[in-house]
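What follows is a set of notes on a single structure, which appears directly below.
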Amino acid sequence: MEKTKKVVFLESAYSLLLYIMMDDNFEEDSIFVYHGKSINEVFEHSKVNVETIYIPREEYINVTEVKNLFKRKIAKKKYKKYLKEKLLDLIKEKTHGCKIEYFGNDNEVEPKILWKEIEKFTVIEDGWSNYRSDHFEAYLKRFKNKFKKKEDLKRGLSPKVEKIILSGLTKVPEIISEKVEIIDFKKLWKKKTEIQKQKIYNFFGMETAAIEKISRKKVIFLSQPLEEDESLTHEETVELYRKIFKNYNENDILFKLHPRGIFTYKNEFPQIEIFTSKIPFQIFEYMGVDFDTVATIYSTAVWDIKNAKKIDFFGTKVHPKLLAQFGNIER
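Mapping of the sequence shown onto the numbering used here: residues -8 to 322, in sequence order.
Here is the structure:
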């Protein structure tokens, strides 16, 4: 029987979690292709060895920064040709003639470049964007997309995409409904053996001791990369967090760092449990961990959490710089 290798294009830890929950043999049958620094950290610190192809995003950014428009177009064309050849060679080398199946986000750079070589593709949920009908409408209205062949469309709209795997966060847009398969990941988690669960913990570098601490917390605070994105300075970010944390007992708080977060704030908040694992917070729901409160400044990710009694959405009004940059984001 012909062996199958799965080539997976993912950039978010959330999509990665969903994928490895569906594939109990992911460390043996999958090759992960990505370009982001944040997701690269997940793989670098993982205690489970998997095959990867990392294409640093900086390579493409350098091309886009060429000032002369004509030279930039030539540079982009050359880079895409180079990247396509590089990806094809690496995938061929790692699949060793196996049958190849493609998974992930079809709108990433790598699958776009390889799209003519891909016959079938399975899209994995990346969050709320998969459920936004207005996003699909806006995508189809873009000038360059109006003239594309149907098979070259992305966001799951190409006939090459035979299946779109979603978790059922909300109503599925009609435009993709015929391709959608809803999976109850909480039920899927319950069916896992303890060994399978531990492998997922190990993959994301999550210690057993941390799980026990988490289960005792009442408030989970979902942070955002305010410093990393240069929305606020370090001092402004710390002061804002202090203001928010005054609403709770510090011993009850679990401070969940954003996957792209670099600063841990352990020195600034020594009494608060800082959760640094890159594992997506949705795992808490699958584990059956309940929280009294989920708090955030303006992360829409809070709406994914179904195991909380209350949501505290502070919004961008909590700081004038955030309000000026993002507008009024409120619950």
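Ideal Cβ placement from N, Cα and C applies to all residues, glycine included.
Contacts around residue i, its chain only, beta-carbon distance under 8 Å, and the 5 residues preceding and following it disregarded
i, result
"Leu78", "Val24, Ile44, Ile46, Glu101, Ile104 and Leu105"
"Ile166", "Ser124, Phe127 and Leu148"
"Asn136", "Tyr130 and Leu144"
"Ile265", "Phe246, Leu248, Thr255, Tyr256 and Lys257"
"Ala4", "Ser29, Ile30, Val33, Phe195, Pro250, Lys269, Ile270 and Pro271"
Cβ distance (whole Å) where residue i is taken to contact residue j below 8 Å
i, j, result
"Glu321", "Phe304", "7 Å"
"Lys393", "Asp283", "Residue 393 lies beyond the residue range present for the chain, which begins at -8 and ends at 322; the question has no answer from this structure."
"Glu32", "Lys269", "6 Å"
For residue i, three-class secondary structure by DSSP
i, result
"Val293", "helix"
"Lys162", "coil"
"Ser3", "coil"
"Val57", "coil"
"Lys93", "One point to set straight first is that residue 93 is Tyr, not Lys, in the sequence displayed. The answer is strand: DSSP assigns Tyr93 an E or B state."
"Tyr25", "strand"
"Glu221", "coil"
Under 9 Å between C-beta atoms of residue i and residue j
i, j, result
"Asp14", "Lys(-3)", "yes"
"Ile274", "Met197", "yes"
"Phe272", "Ala286", "no"
"Glu116", "Ser6", "yes"
"Ile155", "Val210", "no"
"Tyr192", "Ile205", "no"
"Glu259", "Val229", "yes"
"Lys312", "Glu172", "no"
"Lys162", "Tyr122", "yes"
Buried/exposed call for residue i, threshold 16 Cβ in 10 Å
i, result
"Gln316", "exposed"
"Lys247", "buried"
"Asp80", "exposed"
"Glu76", "exposed"
"Glu218", "buried"
"Ser158", "buried"
"His359", "The displayed coordinates of the chain run from -8 to 322. Any statement about residue 359 would go beyond what the structure contains."
"Ser120", "exposed"
"Arg146", "buried"
"Leu60", "exposed"
"Val309", "exposed"
"Tyr73", "exposed"
"Lys208", "buried"
"Glu2", "buried"
"Gly88", "exposed"
"Gln187", "exposed"
Residues near residue i by beta carbon distance below 6 Å, same chain, minus five either side
i, result
"Phe112", "Tyr93, Asp97, Lys151 and Val152"
"Trp180", "Tyr277"
"Gly95", "Val(-1), Phe0, Leu1 and Ile115"
"Ser290", "Leu213 and Gln215"
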